[in-house]
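Numbering (my numbering), first residue to last: 1 to 165.
In this text, a Cβ means the ideal position worked out from N, Cα and C, and glycines have one as well.
First comes the structure, then the notes that go with it.
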Amino acid sequence: MRQRAMVAMGISAGARIIFADEPTKGLDQKRVDLVADTLNRLETEALLCVTHDLQFAAAVCRRVCVMYAAQQVEYGSAAQVLGQPLHPYTQAMVRAMPENGMHVQEGFAPETVSGSGCRFRARCPYAQAQCEAMPPLVAVNDRKVRCWRYAAGNETADQTLSESR
Numbered sequence: 001m002r003q004r005a006m007v008a009m010g011i012s013a014g015a016r017i018i019f020a021d022e023p024t025k026g027l028d029q030k031r032v033d034l035v036a037d038t039l040n041r042l043e044t045e046a047l048l049c050v051t052h053d054l055q056f057a058a059a060v061c062r063r064v065c066v067m068y069a070a071q072q073v074e075y076g077s078a079a080q081v082l083g084q085p086l087h088p089y090t091q092a093m094v095r096a097m098p099e100n101g102m103h104v105q106e107g108f109a110p111e112t113v114s115g116s117g118c119r120f121r122a123r124c125p126y127a128q129a130q131c132e133a134m135p136p137l138v139a140v141n142d143r144k145v146r147c148w149r150y151a152a153g154n155e156t157a158d159q160t161l162s163e164s165r
């Protein structure tokens, strides 16, 4: 009830920019759909939404930024990032969705976000020695991904792109 009241208060203000932090947490699917429909009908200039609900993100966002342990790992259109993910963490999240079989990624998120390198490397099926260093945020077509597999000169990038299509 409190979550619905907060959503209603936020939208009734007529703001040009809406910041929504987990707007559907604790809501049943009917109410999640109602919040998505309401946000889609609003005439705002921008919506910044923090959510763990990928279906909701796909329904209300044009662009998404996937974070892992306070590190941006993938950014682009919602359709591309959620439909054809490039980063191994994004791929794992999409595989974990109910409609994709709820496959669970091995391991746990790091307890701290200090240190260098890719923070997903301990759980990544593609991890290699160079992952001990921070991977660059690489432009791949019209999106960005932070992974050594897509860095300039990496031969697996072209193969992975064709496999993800």
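Classification of residue i by the beta-carbon crowding that lies within 10 angstroms, buried from 16 upward
i    : result
Q159 : Unreliable placement is indicated for Q159, whose pLDDT of 46 sits below 50; no coordinate value is reported for it.
Q128 : exposed
R165 : For R165, the predicted structure reports a pLDDT of 37, less than 50, and the residue's modelled location is therefore unreliable. A value from the coordinates is still provided. Exposed is the call here.
S162 : Unreliable positioning characterises S162 in this predicted model, as indicated by a pLDDT of 44, which lies under 50. The coordinate reading is nonetheless provided below. So S162 ends up on the exposed side.
A46  : exposed
S12  : exposed
R119 : buried
R63  : exposed
Residue i versus the options, residue with shortest Cα-Cα distance
i    : options                  : result
E22  : C49, L39 and R16         : C49
A109 : Y89, N100, G101 and Y126 : Y89
G115 : A59, N100 and P135       : P135
H87  : V73, S77 and A79         : V73
V81  : R119, I17 and A57        : A57
F19  : G26, L137 and T51        : T51
A166 : Y75, G76, Y68 and N40    : For residue 166 there is no data in the structure shown, the boundaries of the chain being 1 and 165.
N100 : Y75, V140 and G83        : G83
R143 : G107, R149, G76 and T44  : G76
Own chain residues within Cβ distance below 6 angstroms of residue i, not counting five before or after
i    : result
Q91  : P85
E132 : G117
R95  : H103
R121 : A127 and C131
Coil, strand or helix - residue i by DSSP
i    : result
M67  : strand
Y75  : strand
E163 : Unreliable positioning characterises E163 in this predicted model, as indicated by a pLDDT of 49, which lies under 50. The coordinate reading is nonetheless provided below. Residue state, collapsed to three classes: helix.
A20  : strand
A96  : coil
R31  : helix
L48  : strand
A139 : strand
D158 : With a pLDDT of 46 at D158, under the threshold of 50, the modelled position of that residue is not reliable, and the figure given next carries that caveat. Correct three-state label for D158: helix.
R41  : helix
V60  : helix
R149 : helix
Cβ-based neighbour list, residue i, same chain, cut-off 8 angstroms, excluding 5 preceding and 5 following
i    : result
M97  : L54 and Q55
C61  : L47, C49 and A78
M67  : V73
C124 : P88, Y89, C118 and C131
Contact with chain D by residue i, beta-carbon distance below 8 angstroms
i   : result
R62 : Absent here is chain D; the protein component of the structure consists of one chain.
Nonlocal neighbours in the same chain, by C-beta distance under 7 angstroms from residue i, ignoring five residues either side
i    : result
A151 : P135, P136 and V138
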